[in-house]
Amino acid sequence: MGGGIAGLTLADGLHRMGHSVTIVEKSAKLRTEGFMIDFFGPGYEVAEEMGLQNDLEKIHYPIESLKFLSPEGEEKFSLSYQSSIRRMFQGKHYNFMRGNLERLLYDRVKGHVDFLFGTTIQSFEQDADHVNVTLSNGHSLPCDLLVGADGIQSRTRSLTFGEDPSSLHFLGYYTAAFILDKQGMDEKYRKSFYMLPRPNRQISVYPIDEGRLATFFVYRSPRLEEPITREVTARELRHHYGDLEWMVPELLSMVETASDLYFDEVSQVRLPKWTKGRVVLIGDACQAVSLIAGQGASMAMAGAWVLSREIEKEPNLFAALQNYEELMRPPIANIQQSAQKLAKWFVPENHLTLWLQESMMRLAVLPPFRRFVNLNRTKLPK
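Position in the sequence shown (from 1) plus 1 gives the number in our numbering.
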């Protein structure tokens, strides 16, 4: 269940082994929304194993620098992407739109696996030998293994383990993103990633292709008690960003009409178990690390790859599922714990913390300190 990064990566591995795969996806078509992601760590290793380096180079966006701005939009300082940021990842780092990675993986498996778009799981029954899934279109889907790759609000997870609100841990932040046409935009906006950080909030703007800019907002907030609608999103963003200058007023004026508006809380998923019989969860359905960790897509690919590898190695399916969980739990737990500690650093609470953050970033890229910085420490479980 789920045709995102985790589901597509697993489908590729299972097809390679000769299994018949059906992907059931809630969206009516392949999803292209999202924001630019950092791609490094275990997912990078998986991409190397899959032979995707050339494809990732094609979707990698060649940003020259990361520029930090004042509330008025004046540049405070900048970091070179190639000589500073990528070097901190030992050269193994890409940045691209999440939707472009999904398209790449989809193109790799289409024609080899079956897709049911606009469809969800309604219920399932399992015994020692099979799983029988009832779909929202009324059809039944018999299978040997049911995989829940249906995201942070996973219905497969709820059907398997029951509704448990405590499995979703809100970290105290909300995020929004959308894309705007900016025909005739200044040449400078075509080359850099712009960040305007303030206490308890941050906004980023970056180019994605000729004439288009993508936005990314993240801010600290108590959990909203009302359903999220476009009106609520617009109100929230105006409340948290309405006092800023630069191009922020223009961005806020577009929220209510943006066709691809994304808005959600920043949360992690923590579960006592990822498997039950012939049902297994992968990706954000069981291991959401949050955007603060910056490795969601990477770890989604890693988890899917490890699961397919263990199924290939271990003839006993139940043992393979157990091996997958035992291998992936430690790195996921470490990343989630790090993200919790990093949250206040990612979105500083006050001007002092903001100053410390910016000072540390300037120091980290200087030659005397650069050799001590390695942001590529999490490895693919073997």
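The beta-carbon is built from N, C-alpha and C at its ideal position, and this holds for glycine as well.
| Item | Value |
| --- | --- |
| Residue range of the unbroken alpha helix (DSSP H) whose run includes L57 | Q54 to I60 |
| Coil, strand or helix - K30 by DSSP | coil |
| Contact under 9 Å by Cβ, F90 with F41 | yes |
| Where S21 sits in the DSSP three-state scheme | coil |
| Per-residue burial, I180 [other beta carbons within 10 Å of its own, 16 or more giving buried] | buried |
| 3 or more residues per run - each beta strand (DSSP E) lying fully within the stretch 245-307 | 263-270 and 280-282 |
| Counterpart residues of E76 in DSSP-defined beta bridges | L70 |
| M2, DSSP secondary structure in three states | coil |
| Three-way DSSP call (helix, strand, coil) for F373 in this model | With a pLDDT of 47 at F373, under the threshold of 50, the modelled position of that residue is not reliable, and the figure given next carries that caveat. Residue state, collapsed to three classes: coil. |
| Cβ pair Q341, L172 closer than 9 Å | yes |
| Cα-Cα separation between R156 and I122, rounded to whole angstroms | 7 Å |
| Proximity to Y207 [Cα-Cα], best of S360, E164, M37 and L9 | M37 |
| Buried/exposed call for K277, threshold 16 Cβ in 10 Å | exposed |
| Rounded Cβ spacing between A303 and V47 (contact assumed at less than 8 Å) | 6 Å |
| Unbroken beta strand (DSSP E) run spanning G149, endpoints | L147 to G149 |
| Bridge-paired residues (DSSP) for N133 | E126 and P143 |
| Per-residue burial, I64 [other beta carbons within 10 Å of its own, 16 or more giving buried] | buried |
| Neighbour-count burial assignment, D108, 16 or more Cβ in a 10 Å radius | exposed |
| Spatially closest choice to L214 from F194, P198, D285 and A321, by CA coordinates | F194 |
| Whole-angstrom distance between V267 and L292, CA atom to CA atom | 7 Å |
| Cβ pair count under 8 Å reaching 3, the stretch 243-255 against the stretch 128-143 | no |
| Residues near T23 in its chain [Cβ-Cβ closer than 6 Å; skip 5 each side] | D115 |
| Beta-carbon spacing of R158, V270 below 9 Å | yes |
| Endpoints, the alpha helix (DSSP H) within which R330 is located | L318 to F347 |
| Exposure label - S21; buried when at least 16 CB within 10 Å | exposed |
| Straight-line gap, K314 to K30 (C-alpha atoms, nearest Å) | 33 Å |
| C-beta contact flag for Y220 and Y175 at 9 Å | yes |
| Cβ shell of N324 (< 7 Å), same chain only, five flanking positions each side left out | E311 and E315 |
| Boundaries of the beta strand (DSSP E) in which P198 is found, first to last residue | S193 to R199 |
| Short Cβ contact (9 Å threshold) for R17 with S309 | yes |
| Close beta carbons around W346, own chain, < 7 Å, minus the five adjacent residues each side | Q358 |
| Near the ligand SAH: Q323 beta-carbon under 8 Å from a heavy atom | As far as ligands go, the structure on display features none, and thus does not contain the ligand SAH. |
| Chain-order list of residues whose beta-carbon lies under 7 Å from that of E326 (same chain, five-residue window excluded) | W275 and T276 |
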